[in-house]
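To keep things clear, I will list the structure first and then write my remarks on it.
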Amino acid sequence: MRVLVTGAAGFIGSQVSGRLLDLGAEVIGLDNLNPYYEVALKEARLARLTARPGFRFVKADISDRDAIMGMADDCKGLTHIVHLAAQAGVRYSLIDPYAYVSSNVMGHVVMSEFARRIEDLQHFVYASSSSVYGANKELPFSVADRVDQPDSLYAATKRSDELLARTYAHLWNLPCTGLRFFTVYGPWGRPDMAAFIFTKAIYEGRKITVFNNGEMWRDFTFVDDIVSGVVAVMQKPPTDVTPPNRVYNIGNHRSEKLTRFVEVLESAIGKKAEIEFAPMQPGDVVSTYADIAASTRDFGFVPTTSIEEGLPRFVDWYRDYYALSASAA
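Everything in the sequence shown is counted per the working numbering, starting at 90 for the first residue and increasing by one.
This is the structure:
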């Protein structure tokens, strides 16, 4: 396999790249190392990959048509593209909507145009999000549900990606699979997500904010399970349907109350959190919960990591990365 992974310095992209190298694939990692969160963390993830044979890094922005199309000669022989680069975060989309349209919509179009020009490419896999379910009330979220009521600009851009992929599959016979990820956490995670935000605040003795007065549930999915899902899906393009296009949920199939998530984190850290409850934030949703029946049926996807196992593994990584002692809390 020769695989192009976009967002290779990102949380999920770096670990997908590592798993592919473990499987003997040649990996071209693409990332623009943008400063949405600390670049040093992205560089540290990347350093773990560049030290390995079979990996090559390209610094470029997916929305830069000239830069991406200029990679064509170097990318001959690609068998797969795993497109994970995006402007992430529901809340930041309220601050800088232009970044989301540029990266998540224009970037997706540019990568799709690039993909359709790669001769013999077997599969274009891309990241969607559970956010596309928006205002849906029925749980668990099924891929058969309507997804035409996004509650955030981020969600709207991810739903746009799904529609664009279907169009490219129809027009160019490009095999496309979208993966709706559900709240991913784990070692090397993103600093703008709950596990990281809460852990940092607890260690620093600051309050953590829990929205909707604690009445929030999330399908927290450990990164190793996500990576297993991505790699399994990547190797099975949707060539049995016309157009060759499908969307799947990749989640834990278990919805945890956020206050329970905090309790497990407190236990792993060894210190109680000081919690400040707050109203619901614009663009947020109360619950996420993945129906993964299709992913299990088609790829044997079965997540195995509970928050009771996964959160201590995140805390161990956090302590090690920031050189904290177990007594630092």
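Ideal Cβ positions, reconstructed from N, Cα and C, are used throughout, including at glycine.
- Rounded to the nearest whole angstrom, the CA to CA distance from Thr288 to Lys165 is 43 angstroms.
- Just so you know, the alpha carbons of Val194 and Leu93 end up roughly 19 angstroms apart.
- Bounds of the beta strand (DSSP E) holding Ile117 are Glu115 to Asp120.
- Ranked by Cα distance from Ala97, the options Leu167, Leu173 and Pro332 are led by Leu173.
- Judged by their CB atoms, Gly196 and Ile151 are nearer to each other than the 9 angstroms cut-off.
- In the structure shown, Ala379 adopts extended strand secondary structure according to DSSP, grouped into three states.
- Trp306 and Ser344 have their C-alpha atoms some 6 angstroms from each other.
- In this structure, the beta-carbon distance from Asp240 to Ala254 does not fall below 9 angstroms.
- Non-local C-beta neighbours of Thr246 in its own chain, meaning closer than 7 angstroms and more than five positions away in sequence, comprise Tyr189, Val190, Asn193 and Val194, ordered along the chain.
- Here DSSP, grouped into helix, strand and coil, assigns Thr95 to strand.
- Partner residues in the beta bridge of Tyr215, as assigned by DSSP, are His172 and Gly267.
- Taking one beta carbon from each stretch, the region 203 to 214 and the region 133 to 141 have fewer than 3 pairs nearer than 8 angstroms; the two do not touch.
- Residue state for Ile291 is assigned as helix, using DSSP reduced to three classes.
- In the displayed model, Ile315 falls within a helix according to three-state DSSP.
- Cβ atoms of Asn121 and Ala149 come within 8 angstroms of each other, at about 6 angstroms.
- Under the Cβ criterion (8 angstroms, minimum of three pairs), the region 274 to 283 counts as touching the region 398 to 412.
- Your pair Arg91 and Val316 does not check out as a contact, with CB atoms roughly 19 angstroms apart and the cut at 8 angstroms.
- The C-beta of Glu251 has 16 or more other C-beta atoms within 10 Å across all chains shown, which makes the residue buried.
- Straight through space, the alpha carbons of Gly159 and Glu202 are spaced by roughly 12 angstroms.
- Within the same chain, Cβ atoms closer than 6 angstroms to the Cβ of Arg145 are found at Ile117, the five residues on either side in sequence being excluded.
- Taking C-beta atoms as the reference points, Val171 and Met323 count as a pair closer than 9 angstroms.
- Residue pairing by DSSP puts Ile364 in a beta bridge opposite Ile297.
- Out of Glu352, Ile207 and Gln238, the CA that lies nearest to the CA of Asp373 is found in Gln238.
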